[in-house]
Amino acid sequence: MAKYNKILVAVDGSEASKSALTESFKLAFDGKKWLTVVAINPPYQGDLSLVGIGNTGSVLQGPGEKILAEVREIAEANQASIKTRLEEGEPYLKIIEVAEEERCELVVLGRRGKSHLERALMGSVTARVIGHYQGKIIVVPRGSSLGWKNILVAADGSKDSEDAIEEAINYARSYDGSLSVVNAVSVTDEFEALAPGLLDKMIEKAKTYLEALRKKITDAGVKAEIFVRQGEPYKVITDLALQLNADTIVMGTHGRTGITRIFMGSVTARVIGHARCPVLVVK
1377 MAKYNKILVA
1387 VDGSEASKSA
1397 LTESFKLAFD
1407 GKKWLTVVAI
1417 NPPYQGDLSL
1427 VGIGNTGSVL
1437 QGPGEKILAE
1447 VREIAEANQA
1457 SIKTRLEEGE
1467 PYLKIIEVAE
1477 EERCELVVLG
1487 RRGKSHLERA
1497 LMGSVTARVI
1507 GHYQGKIIVV
1517 PRGSSLGWKN
1527 ILVAADGSKD
1537 SEDAIEEAIN
1547 YARSYDGSLS
1557 VVNAVSVTDE
1567 FEALAPGLLD
1577 KMIEKAKTYL
1587 EALRKKITDA
1597 GVKAEIFVRQ
1607 GEPYKVITDL
1617 ALQLNADTIV
1627 MGTHGRTGIT
1637 RIFMGSVTAR
1647 VIGHARCPVL
1657 VVK
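Numbering (this note's numbering), first residue to last: 1377 to 1659.
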């Protein structure tokens, strides 16, 4: 897509980050985009000279240099041109700093692990980057593949979700893809008991909202399907993504300060943690 001219990929030597790197080549393959790859050595708090190590600089940079050497081999094998940067510091802060310095429009991150705990936590670096970075981010689960033919968009009427819809339309038009738009309606039994008929009203409101979205999307020249589902939002989204065999999930996030910013909104965090396909987070 011509919209992203500068892309940053963060790598840490894990299979997840290598997978994210390989997939990112798809976004930068037209030769008009800059792909920057950053590896970060965490800061060392001790004094290596006390244990007889004199050349502390090369020792501390060693792990990151090794990672970037492997990155260059992967790029060469894929006939991709990249720029590499080796940084030292708190990883999530350095990723954000480099993204801002390089004026990147998109950050690509890998997601490790398939265990329940690993999926739920996502990895602290990934979670913190998403929570604090103000640009667009794609999280690529290990072993998944980026695609834009069959895109699932989560829509809830918020400003972020409206931006996500616009982004998804742009991708679908660029890659001749189609959109599936889902709105999850969730009301607790206790609340429904206090307000009989509330769930039915919410479902009807969601249908009206999605019908208007479908018209907007089709008017833009993109095929669209709409889904109103009842249940816990993150599960509705990830289950539907599996059912539709979605290539990518596109969604917004909420919260800009304090705890809400750190956890991104529980729905977004849980979708990223449980989705089997890449997730594009739009802010």
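Beta carbons: idealized from backbone N, C-alpha and C, even for Gly. Quick caveat: nothing in here was measured; it's all calculated off a predicted structure.
Exercise for the section: Could you tell me which of Thr1584, Leu1397 and Lys1591 sits nearest to Ile1458, measuring between CA atoms? Expected result: The residue you call residue 1458 lines up with position 82 of the sequence shown. Taking only the C-alpha atoms, the option nearest Ile1458 is Leu1397.
Practice task
Identify every residue that forms a DSSP beta bridge with Glu1601.
Solution key: For this step, residue 1601 is matched to residue 225 along the sequence shown. Glu1601 is bridged to Ser1556.
Practice task
List the residues that DSSP assigns as beta-bridge partners of Glu1463.
Solution key: In the sequence shown, counting from the first residue as 1, residue 1463 sits at position 87. Paired residue(s): Ile1416.
Handout entry: Spatial neighbours of Gly1440 in its chain, beta-carbon cut-off 6 Å, leaving aside the 5 residues before and after
Key = Translated into the one-based positions of the sequence shown, residue 1440 becomes position 64. Around Gly1440: Ala1415, Asn1417 and Leu1462.
Practice task
Mind checking who Val1447 pairs with in its DSSP beta bridge?
Solution key: By 1-based counting over the sequence shown, the position of residue 1447 is 71. Answer by DSSP bridge pairing: none, since Val1447 is not bridged.
Practice task
Rank Glu1542, Ile1527, Glu1446 and Ser1534 by C-alpha distance to the C-alpha of Ser1554 and give the top, closest one.
Solution key: The residue given as residue 1554 occupies position 178 in the sequence shown. The shortest Cα separation from Ser1554 among Glu1542, Ile1527, Glu1446 and Ser1534 belongs to Ile1527.
Practice task
Take Lys1442 as the anchor and find which of Gln1510, Gly1533, Ser1390 and Ile1602 has the nearest alpha-carbon.
Solution key: Within the sequence shown, residue 1442 is the residue found at index 66, counting from 1. That would be Ser1390, whose Cα lies nearest to the Cα of Lys1442.
Handout entry: Nearest to Glu1478 (by Cα), restricted to the options Tyr1380, Glu1538, Leu1522 and Arg1549
Key = Residue 1478 sits at position 102 when you count from the first residue of the sequence shown. Selected option, being the one with the closest Cα: Tyr1380.
Problem - Assigned secondary structure, Ala1404 (DSSP; H/G/I helix, E/B strand, else coil) - result: Counting from one through the sequence shown, the residue named residue 1404 turns up at place 28. It is coil, neither helix nor strand.
Practice task
Report the three-state DSSP secondary structure of Gly1430 (helix, strand or coil).
Solution key: For this step, residue 1430 is matched to residue 54 along the sequence shown. Residue confidence for Gly1430 is low, a pLDDT of 45 falling below 50, so the modelled location carries little weight; the figure read from the coordinates is stated next. Three-state DSSP puts Gly1430 in coil, outside helix and strand.
Practice task
Determine the contact status of Val1598 and Ile1545, defining contact as a CB-CB distance below 8 Å.
Solution key: The residue you call residue 1598 lines up with position 222 of the sequence shown. The residue you call residue 1545 lines up with position 169 of the sequence shown. Contact flag set, yes.
Handout entry: Member of Gly1523, Arg1488 and Ser1393 whose CA lies at the smallest distance from the CA of Arg1549
Key = Locating residue 1549 in the sequence shown gives position 173, where the first residue counts as 1. Arg1549 has its Cα closest to that of Gly1523, out of Gly1523, Arg1488 and Ser1393.
Handout entry: Any 3 or more C-beta pairs closer than 8 Å across the region 1468 to 1476 and the region 1505 to 1519
Key = yes
Problem - CB contact flag (Val1501, Pro1467, <8 Å) - result: Counted from its first residue, the sequence shown places residue 1501 at position 125. Counted from its first residue, the sequence shown places residue 1467 at position 91. The answer is yes: Cβ separation under 8 Å.
Practice task
State buried or exposed for Ser1534, treating a residue as buried only when at least 16 other CB atoms are found within 10 Å of its CB.
Solution key: Residue mapping note: residue 1534 aligns to position 158 of the sequence shown, counting from 1. The residue in question, Ser1534, is exposed, as its Cβ has fewer than 16 Cβ neighbours within 10 Å.
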